[in-house]
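Asks: Going line by line, the protein sequences match chains A and B.
The opening residue of the first sequence carries number 237 in the numbering used here; numbering runs sequentially from there.
The opening residue of the second sequence carries number 16 in the numbering used here; numbering runs sequentially from there.
Even for Gly, the Cβ is constructed at its ideal location relative to N, Cα and C.
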Amino acid sequence: MSATSPVTTAPTSQAAGTGASPGDLSVRGVLASEWTKLRSVRSTVWSLAALAVVTIGLGALVSAVTNNRWRTFSFADRLTFDPTSRSLRGVFLAQLAIGVLGILVITSEYGTGMIRSTLSAVPNRPLVLAAKAIVFGLVALVVSEAVTFVAFLVGQSLFTSPVPHATLGQPGVLRAVVGSGLYLAVLGLLALGIGSLIRHTAGAISTFVGLLLILPLLLQAFPTSVQTALGKYLPLTIIQAMIRVQPTPKAFAPWAGLALLGGYTLVVLLAAGVLFVKRDA
Amino acid sequence: MIEARGLTKNYGATTAVDGLTFDVRPGMVTGFLGPNGSGKSTTMRMIMGLDHPSAGAVTVNGRRYGELPRPLCEVGGLLEAKAIHPGRSAFNHLWCLAQTNGIPRSRVNEVIELVGLRDVARRRAGTFSLGMGQRLGMAAALLGDPSVLLFDEPVNGLDPEGIRWVRNLLKGLAAEGRTVFVSSHLMSEMALTADHLIVIGRGRLIADLPVAEFIAQSSRQFVRVRSPEADRLAAALRNAGASVLSEPDGSLAVTGLPISSIGVEAGRSGVVLHELSPQAASLEEAFMELTHDSVEYRGDLLGDPALGDPAGSIPNGAR
Ligand SMILES: Nc1ncnc2c1ncn2[C@@H]1O[C@H](COP(=O)(O)OP(=O)(O)OP(=O)(O)O)[C@@H](O)[C@H]1O
Ligand SMILES: [Mg+2]
């Protein structure tokens with residue numbers, strides 16, 4: 237191949253010819269780029285497939301087992317039975333899948349050095365982080381909502397008379413299903429923020445799992461009064477309240493809990509943005 | 016055009032780049048030369064806005080990198096470490112970069128063609144050989160058809176065919192009027208590729224001069240003389256105005272006297288000669304001499320090369 241006459245084949249003006257607003261990076265272009273990145277690596281597909289399988293599968297399993305063991309339930313158990321929350325049990329595992337994906341969105345760029353290509357193309361770092369959060373957040377939301385709906389419908393279909401099943405029209409049911417999907421998407425964004433702060437995949441996943449699962453265990457070592465006072469601030473408590481149709485004791489109301497998680501996420505993402513701008517890539 | 020003014024970078028207690036001031040001009044290949052750890056990569060990262068200078072500033076076409084409206088269309092960079100996600104295909108890697116700067120898909124295919132990766136464009140970049148990875152990095156640098164190009168050790172690990180390809184590419188880009196800034200720690204490579212040199216050591220500027228000038232300065236001749244009566248001959252030559260150095264192998268390195276006069280002096284003193292041969296310091300040796308005091312990590316191999324009068328074991332330009 238002749239290497240000496242190459243680049244002239246593309247006049248400089250040609251690059252300027254497309255949709256980008258002249259003389260500036262277009263937000264749309266950066267969003268499109270993040271979408272290309274997300275869909276062009278296998279880890280995305282794997283994580284989302286894992287999310288779907290564990291959420292739907294575990295929900296179905298719990299529902300089927302519940303259905304079979306109904307005869308052994310006490311009268312009190314039958315009175316408080318919540319078919320919605322049973323079918324949404326898989327959400328607890330889905331937290332890990334969405335968290336890992338959120339983390340990888342940013343740490344995989346540091347791990348591979350891709351971040352340097354990214355920032356060479358878009359030196360505006362807040363724009364990069366925002367575009368990542370928006371694109372990943374939307375994908376996470378769409379997938380999570382689809383998955384929680386399917387998990388709910390599959391789970392309910394496994395309850396056979398005399399076991400009661402829920403319908404979306406009943407009070408609190410739609411909130412539980414929609415809210416669980418929303419919770420997952422927000423949690424994924426929180427994980428993305430943690431990934432951006434820590435920049436290493438393993439470290440970020442450890443931190444995320446620590447905050448999500450280890451913190452509640454540690455809290456158990458404290459007196460009940462402390463547990464009651466602090467427990468409701470944990471993400472795990474927030475999602476426990478969200479998947480239940482009935483009110484959950486020692487927890488914030490479902491939407492209030494979700495707003496709290498949103499608050500955490502916002503703080504973490506803002507901190508991540510500030511550090512992203514300050515640190516060397 | 017790249018302009019660095021008092022560019023400085025500290026990492027904790029280490030000063031990686033120390034008050035660098037230089038210009039890199041268009042229309043030629045400028046070699047950026049320095050021993051390992053001298054701050055070349057750090058300087059390149061600062062030019063591209065990836066690392067923040069601790070002091071000073073560097074601009075590209077008169078602007079800081081972060082202020083360039085569409086950076087890929089002004090600056091193309093191939094950095095030291097691979098900046099590629101191994102799970103992404105070559106096409107998608109280039110396409111996600113192109114999208115940010117509003118560069119059309121057709122241009123992505125064009126640069127893929129240009130670097131000869133068409134047949135593997137849909138393959139995951141992680142499966143690429145070193146040379147193919149380097150070509151992909153080149154494609155990314157050329158994506159926006161930029162007027163300024165930075166290459167950090169672009170021939171590292173390439174085979175001779177790949178090295179020649181890169182060399183021709185760099186020269187071609189410069190011939191088109193672009194600014195080409197390429198780092199290396201091999202003087203011999205730069206002698207073949209570059210028109211101008213910026214030499215640094217321990218983060219400081221050591222030299223900023225045309226390659227031709229460097230070569231003229233450094234290819235100082237000396238004459239190697241072997242004789243069983245080396246000491247007597249050395250004295251005679253010194254009397255005749257030469258400067259003479261004894262080498263470890265017993266030979267003499269003589270400068271300041273033409274080779275014929277050395278023969279005459281030997282004959283006049285009745286000294287037997289076993290060897291009388293003209294030598295020239297290689298560019299590599301001249302470079303080592305230049306950066307001698309600023310080498311960060313010196314192995315024992317380098318020892319203490321008295322490079323002013325080297326043993327001449329590396330023939331000029333042969334490496
Ligand atoms: N991110 C970093 N943190 C701490 N020290 C660093 C960092 N990057 C570089 N350094 C130090 O700065 C100095 C210059 O490193 P740099 O990589 O710029 O040198 P170089 O000229 O590119 O070397 P080489 O020829 O080996 O590539 C070295 O001492 C290195 O250890
Ligand atoms: Mg380097």
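Enumerate in chain order the residues of its own chain whose CB-to-CB distance from Pro194/A is below 8 Å, with the five nearest sequence positions on each side excluded.
Replies: Residue coverage of chain A in this structure runs from 237 to 517, which leaves residue 194/A outside it and unanswerable.
Asks: Can you list, in chain order, the residues of its chain with a C-beta nearer than 8 Å to that of Ala321/B? Leave out the 5 residues immediately preceding and following it.
Replies: With a pLDDT of only 38 at Ala321/B, under the threshold of 50, the placement of this residue in the model should not be trusted; the figure read from the coordinates follows. Answer for Ala321/B: Leu260, listed in chain order.
Asks: Applying the criterion that 16 or more other CB atoms from any shown protein chain within 10 Å of the CB defines a buried residue, is Asp196/A buried or exposed?
Replies: Residue 196/A is absent from the model: chain A starts at 237 and stops at 517.
Asks: What's the C-alpha gap between Ser269/A and Phe395/A?
Replies: Going from the Cα of Ser269/A to the Cα of Phe395/A covers about 45 Å.
Asks: Shortest alpha-carbon distance to Glu82/B belongs to which of Pro485/A, Lys486/A and Ser356/A?
Replies: Here the closest residue by C-alpha is Ser356/A.
Asks: Going by C-alpha distance, which of Ala231/B, His211/B and Ser284/B is nearest Asn254/B?
Replies: The candidate whose alpha carbon is nearest that of Asn254/B is Ser284/B.
Asks: Check the Cβ of Arg352/A against every Cβ in chain E and list those closer than 9 Å, keeping chain order.
Replies: No chain E appears in this structure, whose protein chains are A and B.
Asks: List the endpoints of the continuous alpha helix (DSSP H) containing Ile277/B.
Replies: Unbroken alpha helix (DSSP H) run through Ile277/B: Ile274 to Ser284.
Asks: For Arg305/A, list the residues DSSP reports as bridge partners.
Replies: BP columns for Arg305/A are empty, so no partner.
Asks: Run down chain A in chain order and give the residues with a C-beta less than 8 Å from the C-beta of Ser104/B.
Replies: Those within 8 Å of Ser104/B in chain A are Ser276.
Asks: Quick one: grab the DSSP three-state call for Gln114/B.
Replies: Three-state DSSP puts Gln114/B in a helix.
Asks: What does a CB cutoff of less than 7 Å around Ile342/A pick up in its chain, not counting 5 residues either side in sequence?
Replies: The residues are Lys368, Leu428, Gly431 and Ser432.
Asks: Closer than 8 Å: is that where the CB of Thr335/B sits relative to any heavy atom of ligand 1?
Replies: No statement about residue 335/B is possible, as the shown extent of chain B runs from 16 to 334 and does not include it.
Asks: Please identify the residue among Leu288/B, Ser276/B and Val269/B whose C-alpha is closest to the C-alpha of Ala295/B.
Replies: If we check each option's Cα against that of Ala295/B, Val269/B comes out closest.
Asks: Which of the three DSSP states is assigned to Thr270/B in this structure?
Replies: Correct three-state label for Thr270/B: strand.
Asks: Using a Cβ-based criterion (distance less than 8 Å to any ligand heavy atom), does Ser56/B qualify as near ligand 2?
Replies: Because some heavy atom of ligand 2 lies under 8 Å away, the Cβ of Ser56/B counts as near it: yes.
Asks: Identify each residue in the stretch 273 to 289 of chain B for which the Cβ-Cβ distance to at least one residue of chain A is less than 8 Å, and report them in chain order.
Replies: The residues in question: there are none.
Asks: Is there at least one Cβ from chain B nearer than 9 Å to Glu345/A's Cβ?
Replies: Chain B, which has a Cβ nearer than 9 Å to the Cβ of Glu345/A, makes this yes.
Asks: How close, in whole Å, do the beta carbons of Gly265/A and Thr115/B come, if the pair is a contact with beta carbons under 8 Å?
Replies: That pair is a contact at about 5 Å.
Asks: May I ask whether a heavy atom of ligand 2 can be found less than 8 Å away from the beta carbon of Glu95/B?
Replies: Flag set: Cβ of Glu95/B near ligand 2.
Asks: Using the Cα positions of Gly52/B and Gly172/B, report the straight-line distance between them to the nearest angstrom.
Replies: If I take the Cα positions, the gap works out to 18 Å.
Asks: So Ser323/A is in the alpha helix (DSSP H); what residue range does that whole segment cover?
Replies: Its alpha helix (DSSP H) spans residues Pro319 to Ser323.
Asks: Just to confirm, is the Cβ distance from Ala98/B to Thr23/B under 9 Å?
Replies: Cβ atoms of Ala98/B and Thr23/B: not closer than 9 Å.
Asks: Please look up how many angstroms separate the CB atoms of Leu212/B and Val197/B, rounded, as I've assumed it's under 8 Å.
Replies: No, Leu212/B and Val197/B are not in contact; Cβ-Cβ is about 11 Å, not under 8 Å.
Asks: Alpha carbons only, please: which of Tyr346/A, Ala438/A and Gly424/A is nearest the one belonging to Pro101/B?
Replies: When each option's Cα is compared against that of Pro101/B, the closest is Tyr346/A.
Asks: Would you mind stating whether Leu494/A and Gly415/A have Cβ atoms separated by less than 9 Å?
Replies: For Leu494/A and Gly415/A, yes; Cβs fall inside 9 Å.
Asks: Taking the C-alpha atoms as reference points, what is the distance between Thr437/A and Gly192/B?
Replies: Going from the Cα of Thr437/A to the Cα of Gly192/B covers about 43 Å.
Asks: Thinking C-alpha only, which one of Tyr469/A, Val289/A, Leu315/A and Val383/A is nearest Leu418/A?
Replies: Nearest of Tyr469/A, Val289/A, Leu315/A and Val383/A to Leu418/A, Cα basis: Val383/A.
Asks: Strictly by DSSP, which residues pair up with Val90/B?
Replies: Bridge partners of Val90/B: Val163/B.
Asks: Going by DSSP, what residue range makes up the alpha helix (DSSP H) through Ile474/A?
Replies: From DSSP, the alpha helix (DSSP H) with Ile474/A extends over Pro471 to Ile479.
Asks: Thinking C-beta only, is Leu451/A closer than 9 Å to Val504/A?
Replies: Not closer than 9 Å, so no.
Asks: For the stretch 124 to 211 of chain B, list the alpha helix (DSSP H) runs that are entirely contained and at least 4 residues long, ordered along the chain.
Replies: Qualifying alpha helix (DSSP H) stretches, in chain order: 145 to 157, 175 to 190 and 202 to 208.
Asks: Ala357/A touches chain B at which residues, Cβ-Cβ below 8 Å?
Replies: Near Ala357/A (Cβ distances below 8 Å), the residues of chain B are Pro86, Leu87, Leu112, Thr115 and Asn116.
Asks: Mark His289/B as exposed unless 16 or more other C-beta atoms lie within 10 angstroms of its C-beta, in which case mark it buried.
Replies: So His289/B counts as exposed.
Asks: Could you please give the first and the last residue of the uninterrupted alpha helix (DSSP H) stretch that includes Asn254/B?
Replies: It spans Ala245 to Asn254 - the alpha helix (DSSP H) in which Asn254/B sits, taken as one unbroken run.
Asks: Spell out a yes or no on whether the stretch 397 to 407 of chain A and the stretch 295 to 307 of chain A are touching, meaning 3 or more CB-CB pairs, one atom from each, closer than 8 Å.
Replies: Touching, per the Cβ criterion.
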